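Asks: Mind looking over this structure? Questions follow.
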Amino acid sequence: MTNILDKNIQNALFNYILGLGDDRLILGHRLSEWCGHAHILEEDIALGNIGLDLIGQASAYLSLAAEVENKNRTEDDLAYFRNEYEFKNFQLVEQPNIDFAYTIVRQFFFDVYEGIFLEELAKSKFEQMAGIAKKSIKENIYHTRHSRNWILRLGDGTEESHVKTQTAINDLWKFTGEIFSENENDNILINENFAPDLKPLKSKWNEIIKSVLNEATLEMPENIGFSSGSRSGIHTEHLGHLLAEMQIVARSFPGAKW
Amino acid sequence: MNDEGRLWEVFTQSKQGAPHEHAGNVHAADAEMALQNARDVYSRRGEAVSIWVVPSDQIFATSPSDEGPFFDPSNNKAYRHPQFYSVPKGVRGI
């Protein structure tokens, strides 16, 4: 399929799939940072488990991206040998863990987006990409259940958990605008029915977030000053530090096997 | 209850029709979270098709001192054991 694609579409598809892979790789890595630090063993395992699901999905998207690019790069080359400005993940997923509330809010925002997005991506005319989406739907339902359960309990829990969760929501809100934005690259694929049109999905996301936050006695922030640009390589200061840690082994010992 | 939440006993069923067997325990603040934790700790590689969680303090158990009165008497009376029948061929699961 990939060798009969028009050059423009091939390039757009590569960038698009790279973005999908990067979102899950970076978020998965953030969750892996919790290993050994969660408040109970059970949650330590849960976060690691969700992180592994995401890294598994990242691996599938990045190998497909490498195949579409057709320049002899592998998924590992894409994960470990690109620099910050070449990463296309949402700014939301690179935000640091800070505390458990931040981690859960970041995850909840992403999980709800992912649930809505996957359903549409699974209809893509580009079958290999649709296949990965279909495979991730079940995992996402579980992830959403986990993060939603925690939002309800943290928001409607103690005064301290409520304040910490509301703070995380307020701080992370500015990164939720760009997850439904579209650029030139996306438009090429939307026209080909390769990628879903995200515009109609934003209101669905807002509705779900609003109803869960209400139930959790939390406030939905106002929509002002959204940050954007991640799909063109613009990131917050946190991504560089994350990459330094994630990539150091692969870069210090290129080609090492274990 | 301590900072880690209540303790729950976990029972997992490996396939439909099989009994739920005790797998271990987890900490959680409530039943829903206990199920979630149990899934992650005891079934994250697909070991179970169904999970029960029960608050550990709701389980009433025999104590070691009950061993004599509770369990001994049943062992020394041969007539309590159905060992005088031969099991027909083709009967399985006994």
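Sequences listed follow chains L and E, in order.
Quick note: the first sequence uses the working numbering, first residue 1, plus one each step.
Quick note: the second sequence uses the working numbering, first residue 1001, plus one each step.
Glycine included, C-beta positions come from ideal geometry on N, C-alpha and C.
Predicted model, so just to flag it, every value in this text is computed and none were measured.
Does the Cβ of His241 of chain L have 16 or more other Cβ atoms within 10 Å, making it buried, or fewer, making it exposed?
Replies: exposed
Asks: For a contact defined as C-beta to C-beta under 7 Å, what are the partners of Val1054 of chain E on chain L?
Replies: Chain L residues near Val1054 of chain E: none, gap ~16 Å exceeds 7 Å.
Asks: Can you name the start and end residues of the alpha helix (DSSP H) that Val1010 of chain E belongs to?
Replies: Where Val1010 of chain E is concerned, there is no enclosing alpha helix (DSSP H), although the beta strand (DSSP E) it sits in stretches over 1006–1013.
Asks: On the DSSP letters alone, give me the boundaries of the alpha helix (DSSP H) that Ser211 of chain L sits inside.
Replies: Annotation: the continuous alpha helix (DSSP H) that includes Ser211 of chain L extends over 201–215.
Asks: Tell me the rounded alpha-carbon separation between Gly229 of chain L and Pro1055 of chain E.
Replies: So the alpha carbons of these two residues sit roughly 49 Å apart.
Asks: Mind pulling the chain L residues with CB within less than 7 Å of Val1041 of chain E?
Replies: Glu42, Ile45
Asks: List the endpoints of the continuous alpha helix (DSSP H) containing Glu1021 of chain E.
Replies: That residue, Glu1021 of chain E, is in no alpha helix (DSSP H); its beta strand (DSSP E) goes 1021–1028.
Asks: When the Cα atoms are used, what is the spatial distance from Phe126 of chain L to Ala66 of chain L?
Replies: 15 Å
Asks: Among L:Asp99, L:Asn15, L:Ser203, L:Lys88, which one has its Cα closest to the Cα of Glu33 of chain L?
Replies: L:Asp99
Asks: State the Cα-Cα distance for the pair Asp1003 of chain E and Leu1035 of chain E, rounded to the nearest angstrom.
Replies: 18 Å
Asks: Out of curiosity, what's the CA-to-CA distance linking Met1001 of chain E and Trp1008 of chain E?
Replies: Because Met1001 of chain E carries a pLDDT of 46, less than 50, the predicted location of this residue cannot be relied on, and the following value inherits that uncertainty. The straight-line gap from Cα to Cα measures roughly 11 Å.
Asks: Mind listing the chain L neighbours of Ala1023 of chain E? Cutoff is C-beta to C-beta under 7 Å, in chain order.
Replies: Residues of chain L passing the Cβ test: none, with the nearest at roughly 13 Å.
Asks: Measure the CB-CB distance between Val249 of chain L and Arg148 of chain L and report whether it falls below 8 Å.
Replies: no
Asks: As an exercise, report each continuous alpha helix (DSSP H) stretch of at least 4 residues that is fully enclosed by the region 137–204 of chain L, in chain order.
Replies: 159–172, 184–191
Asks: What does the alpha-carbon distance come out to for the pair Thr1012 of chain E and Phe108 of chain L?
Replies: 28 Å
Asks: Run through the DSSP bridge pairs and tell me what Ile1051 of chain E is partnered with.
Replies: Looking at the DSSP assignment, Ile1051 of chain E forms a beta bridge with E:Thr1012.
Asks: Closer than 8 Å, CB to CB, is Met1001 of chain E near chain L or not?
Replies: Unreliable placement is indicated for Met1001 of chain E, whose pLDDT of 46 sits below 50; the coordinate value is still reported in the next sentence. Chain L, which has no Cβ nearer than 8 Å to the Cβ of Met1001 of chain E, makes this no.
Asks: For chain E, check one thing: does any of its Cβ atoms lie closer than 8 Å to the Cβ of His146 of chain L?
Replies: yes
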